[in-house]
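Going down the list, the sequences are from chains E and H. With our numbering applied, the first sequence has no gaps in its numbers, which climb one by one up to 383 at the end. With our numbering applied, the second sequence has no gaps in its numbers, which climb one by one up to 502 at the end. From the three backbone atoms N, C-alpha and C, an ideal C-beta is built for every residue, glycine too.
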Amino acid sequence: MTIFNEIRQLAQSTANDYLTRARHRGHPTVGYFCSYVPEEMIHAAGAVPYRMRAVGSEGTSLGDTYFSSANCSFVRRVLDKGLRGDFDFLDGIVFMNGCDHNRRLFDNWSYAHPDTGFNYMLFVPHGRSEACLAQYGNELAKLGRFLEERFDTELTAEKLWNSVALYNRKRALLQEIADSRRAAVVPISGTEFLSLMLAVSVVPVEDAIALLEQVLAELRAGRIHTGQAVLRLFVTGSCLEELSHLELLESAGAVVVADAICLGARYFELPVPVGGDPLAALGERYLRNLSCPRMMDDVAGRIAHVRERVSDFGADAVILEKLEFCSMMSGESYISSHELRKFDIPSITLTRELYGGGVGQLKTRIQAFYEKVINRS
Amino acid sequence: MIFAGIDIGSLTAKAVLLRHGKVIASHFEPVKATSLASADHVMGQVLEQAGLRIGEIQLTCSTGYGRLEIPFADCNRSEVSCHGLGTFFSNKSVRTIIDIGGQDCKVVVIDSHGMVEDFVMNDKCAAGTGRSLEILARTLGVELADLGRFALRSHRPLPVSNKCSIFMELDVMQLLYQGKRRENIAHGITVSIARRIASLTGKVTLQKGICISGGVSKNAAVVRDIEQALGVTFTPLAHDPQLMGALGAACFAEKEYRRRMEGGRS
């Protein structure tokens, strides 16, 4: 099996052999939601962080018994999977108040109590001020105490720095792979890159590093993406994990060259600064340097970031991805499309249900948008 | 040289043949079970009209929801682009097109060459489309073709929701139960659709030279109410407004042929 086939298989599976082997070595698996949960702390406690996803979801019928149809399809699908026992291999989950739908997911998960171990809620402030940073530091310390007690261990500075070094290495490898897409002929498609992200966020970091080194070796050997692409795209938005959706975007004559999504650049851009107190360093990296639409005080910064990346990666257009009922992305996509228009950057907002239908109309919108962008050149 | 455009929509299939910049044959009919069967049949119809054989067509371009399932099409374009170029072909002064088809509504802004500058589509609900009009006409107990005539006889539109086709149907049923006149209900439906379209147009910057295309453009009451809602008079088209997608596709077929002759990129 080639490395890209293995990656694709991992990306499309809920559980995997890497987690089983880690468990046999004494490392439990801890699920987490959202990019503001420092994986380093879970790793330093001896567990394997597992990014929660709805991959393999077969519907929302069980999830809908707890959520309303006006909740986003991510939380409905992921709870549905939990209630079906898909996540029974987990020893616990760290939830986060990424948005109100996610916060309610914690309530519903705790109430329905699927067999997934402990439920812990990490409260992350919605801003990046000094006061928010201090509060985030308190929350991280509290999470640390919880993990110490739960796994009967001590989160020493040495353990935390060791974990930081591993995760920084993983980020650096992902960054190098992502940067390879600056080239005129890209070595890896957006769909393949999303596969990679899905895969390396559900295996132990040590295994993720080995997989990424193999991928990088392939790229360095001159691999090229052979898909026919007329346009280069930048994708931003909230939850996006469906390979089929990126395939739809790319099969219409484009290639995704860069992104600002949770399973993308938000995960690997910017390492944890090394030195000083490890929790303070984690706080600085996660709260200050990440910026997703849940952070209320950085809309301008995010738009500036999109403009910079569009320019750096030679993107022709921006796709603003939004899940139906995503309260965070509703305002963000509206503001972004207006701001990008001022800078003559074409964009389109695609609203969808996670693993939802409506492919026919979506195809038409995408093709019409591409034709509009091509007309400009 | 002859170029063909085929538009396989959700309710009707259309085909147009162009020769030396003139429409020499056109046809539309309800769609069949598959896109291919629809395409085969409408193509057969226009070839028969023009007395031609398929081999005499230089290039065929497809559009509409079935555009990717037509093996004899040499290229395809989105219906947004095709409606833009088709209406431009039909009237060079058009810059904005309101297209109301079987299952979606679009507002397309084009440049002085008929190329798309901006567009917006309804993205979820079918309220206001041909499909919803079909359902509402059935609920009202009139033929689809008569819905517009009924509405034109009324001066007192009754309130009908425009948020969702199911709610529209419930409103219509409620008004019927209350014994309201069908003319006024029909008028309420067309006003409601017009308001929905007017709100869609707010998402793009409309350019002067506005026309309406698609099957629903044949409903005189809907057209009147949209004109009133927007405060405009629609620019007339030289060809059947339901054929604009297929006509645009035929124009793209000609463009594609010239591009290939010149060895360019699509």
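_Cβ distance (whole Å) where S262 of chain H is taken to contact A269 of chain H below 8 angstroms_ = Approximately 23 angstroms separates the beta-carbon atoms of S262 of chain H and A269 of chain H; this is outside 8 angstroms, ruling out the contact.
*Is the CB of N381 of chain E under 9 angstroms away from at least one CB in chain H?*
N381 of chain E counts as touching chain H.
*Interface partners of R384 of chain E on chain H, CB under 9 angstroms*: Only positions 7 to 383 of chain E appear in the structure, and residue 384 of chain E is not among them; the question remains open.
*Contacting positions in the segment 320-345 of chain H - beta carbon closer than 7 angstroms to chain E*: Residues D340.
*Check distances from the C-beta atoms of the segment 250-264 of chain E to those of chain H and list, in chain order, the residues that come in under 9 angstroms.*
For the segment 250-264 of chain E, the set of residues with a beta-carbon nearer than 9 angstroms to any beta-carbon of chain H comprises G259, in chain order.
*Are L473 of chain H and V343 of chain H close, meaning C-beta to C-beta below 9 angstroms?*
no
*Three-way DSSP call (helix, strand, coil) for D476 of chain H in this model*: coil
*Reduced DSSP category for H49 of chain E - H, G, I as helix; E, B as strand; rest coil*: helix
*At 9 angstroms on the CB atoms, spell out the chain H contacts of Q141 of chain E, in chain order.*
What Q141 of chain E touches in chain H: nothing, since even the nearest Cβ is about 39 angstroms away.
*Just list the alpha helix (DSSP H) runs in the segment 260-317 of chain E, keeping only unbroken ones of 4 residues or longer that don't cross its boundaries, in chain order.*
At a cut-off of 4 residues, the continuous stretches assigned as alpha helix (DSSP H) that sit fully inside the segment 260-317 of chain E are 271-274 and 284-289.
*What residues from the segment 401-430 of chain H come within 7 angstroms of chain E, judged by C-beta to C-beta, listed N to C?*
Contact annotation: in the segment 401-430 of chain H, no residue has its CB less than 7 angstroms from a CB in chain E.
*Would you say E377 of chain E faces chain H, with C-beta separation under 9 angstroms as the test?*
It does: the Cβ of E377 of chain E has a partner Cβ on chain H nearer than 9 angstroms.
*If you draw a straight line from the alpha carbon of G362 of chain E to that of Y413 of chain H, how long is it in whole angstroms?*
Taking the straight line from one Cα to the other gives about 37 angstroms.
*asked:* So, at 7 angstroms on beta carbons, what are the nonlocal neighbours of E490 of chain H in its own chain, with the 5 sequence-adjacent residues on each side left out?
replied: F239 and L254
*Since I334 of chain H sits in a beta bridge, which residues does DSSP pair it with?*
H:V343 and H:I448
*Contact under 9 angstroms by Cβ, L346 of chain E with L356 of chain E*: no
_Please confirm whether A374 of chain E has its beta-carbon closer than 9 angstroms to some beta-carbon of chain H._
yes
*Identity of the residues DSSP links to K258 of chain H by a beta bridge*: Looking at the DSSP assignment, K258 of chain H forms a beta bridge with H:R255.
*Could you tell me whether the Cβ of M279 of chain H comes closer than 9 angstroms to any Cβ of chain E?*
no
_With H, G and I counted as helix, E and B as strand and the rest as coil, what does DSSP make of R289 of chain H?_
coil
_Suppose contacts are defined by Cβ-Cβ distances below 9 angstroms. Is G289 of chain E in contact with L146 of chain E by that definition?_
yes
_Quick check on V452 of chain H - is its C-beta less than 9 angstroms from some C-beta in chain E?_
No, V452 of chain H does not count as interfacial toward chain E.
*R57 of chain E (DSSP reduced to helix, strand or coil)*: strand
*At a Cβ threshold of 9 angstroms, is M480 of chain H touching chain E?*
At a cut-off of 9 angstroms between beta carbons, M480 of chain H makes no contact with chain E.
*Taking the Cβ atom as the reference point for each residue, do L295 of chain H and D310 of chain H lie within a distance shorter than 9 angstroms?*
yes
*Measure from the C-beta of D347 of chain H to each C-beta in chain E and report whether the shortest distance is under 9 angstroms.*
Yes, D347 of chain H lies at the interface with chain E (some Cβ there is under 9 angstroms from its Cβ).
*Scan the segment 347-371 of chain E for residues whose Cβ lies nearer than 7 angstroms to a Cβ of chain H and list them as they occur along the chain.*
Per Cβ criterion, the list reads T357, G366, Q367, T370 and R371.
*Look up N125 of chain E in the DSSP assignment and say whether it is helix, strand or coil.*
strand
*Where do the ends of the beta strand (DSSP E) carrying T357 of chain E lie?*
Start and end: S353 to R358.
*Which stretch, first to last residue, makes up the beta strand (DSSP E) that contains K328 of chain H?*
From DSSP, K328 of chain H is part of no beta strand (DSSP E); its letter is neither H nor E.
*Assuming I446 of chain H contacts F470 of chain H under a Cβ cut-off of 8 angstroms, what Cβ separation, rounded to an integer in Å, is found between them?*
6 angstroms
*Looking only at C-alpha atoms, which of H:I448, H:F325 and H:E265 sits nearest to G484 of chain H?*
The shortest Cα separation from G484 of chain H among H:I448, H:F325 and H:E265 belongs to H:F325.
_Once the 5 residues before and after M480 of chain H are set aside, which same chain residues still bring their CB inside 6 angstroms of it?_
H319, G322, T323 and S449
*At a cut of 8 angstroms, does the segment 55-67 of chain E reach the segment 11-24 of chain E through at least three beta carbon pairs?*
Look at the beta carbons and you see the segment 55-67 of chain E touching the segment 11-24 of chain E: at least three pairs across the two are nearer than 8 angstroms.
*chain E contact residues for Y493 of chain H, given Cβ-Cβ distances below 8 angstroms*: Going along chain E, no residue has its Cβ under 8 angstroms from Y493 of chain H, so there is no contact; the nearest lies around 18 angstroms.
*Where DSSP assigns a beta bridge to P266 of chain H, which residues make up the other side?*
H:T248
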